[in-house]
Every structure is written in C-alpha cells, then in structure tokens.
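Colleague: Each residue of the sequence shown is one higher than the one before, starting from 5 at the first, in the numbering used here. Glycine included, each C-beta is placed from N, C-alpha and C at the ideal position.
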Amino acid sequence: MFSLALPAYSNPALTKDKNKLIPVIAENTKHKIRCMLSAGLYYGHDSLVLSALGCGAFRNPTTHMAQLFKDVLSEGRFANRYKHISFAILDDHNARGDGNFKPFLEVFADWT
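1. Roughly how many angstroms separate the alpha carbons of Phe73 and Asp95, rounded to a whole number?
2. Is there contact between the stretch 26-35 and the stretch 80-97, where contact requires at least three CB pairs shorter than 8 angstroms?
3. Would Phe62 and Ala12 be called neighbours here (beta carbons separated by less than 7 angstroms)?
4. At which residues does the beta strand (DSSP E) containing Phe91 begin and terminate?
5. Taking the beta carbon of Thr116 as the centre, do at least 16 other beta carbons fall within 10 Å, making it buried, or is it exposed?
6. Please go through the same chain and pick out, in chain order, the residues whose beta-carbon is closer than 7 angstroms to the beta-carbon of Asp50, but skip the five residues on each side of it.
7. Quick test of your reading: Leu77 and Ala43, contact by CB under 8 angstroms. State the CB separation rounded to the nearest angstrom.
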C-alpha cells in the first residue's frame, strides 16, 4: 500500500463563468495529477484510489476537476496503465452546486 498527499489550490482563480480554473491554474493542476499518477507507476501499483482534488473546502470547480483528471488519465503515458481507478468522493456542506459525486459520475460516465 502507498499513500500520497498532494494539496490542491485553495480558492483558485476561476474563469468569468466560475466553472473552470484559469488556464495557468488548470495546467498546474494537471501537472499535480501527473505527479500522482507517475508516483503510482513508479512504485509499481496497478490500482489507485483518488480524491476529488480540491473539490470541497478549497472550492475548486468539480466538473472541471473531473475533466482534468479524465484528460490526464487519457494521456499516452497513463492510458490503460492502471487495472482499476476509483474516486473516493464526499458530498458535504463544502461541496459546490451539484455536489462532488454527480459531476465526477457524469464526466466519467463513458469511461471504459
């Protein structure tokens, strides 16, 4: 077993519609996701349990965060490298709008 903690941006700058991270923060977040996935591969893990990084008290836009995870997981060096990936997601008073679970479920609905 391997555990990794990685901070998300707290109250990050968002686009005017408040639904996405500004581009530089989105790219930096994708870099953080790549670091997590790379660490799992480096240590020989074939399965991951991930969080809804920053979706909650840190106020990151949930649908955009889910899309960033999906985008990075689809990149060549990570695509099909893990046997199983789960997201441990909590819906509580810190969740934005539709909560945290539903946006991740919708973004990954077509994931195979």
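Modeller: With the structure as the only source:
1. 18 angstroms
2. no
3. yes
4. 88-92
5. exposed
6. Tyr86, Lys87
7. Not really, about 14 angstroms apart at Cβ, beyond 8 angstroms.
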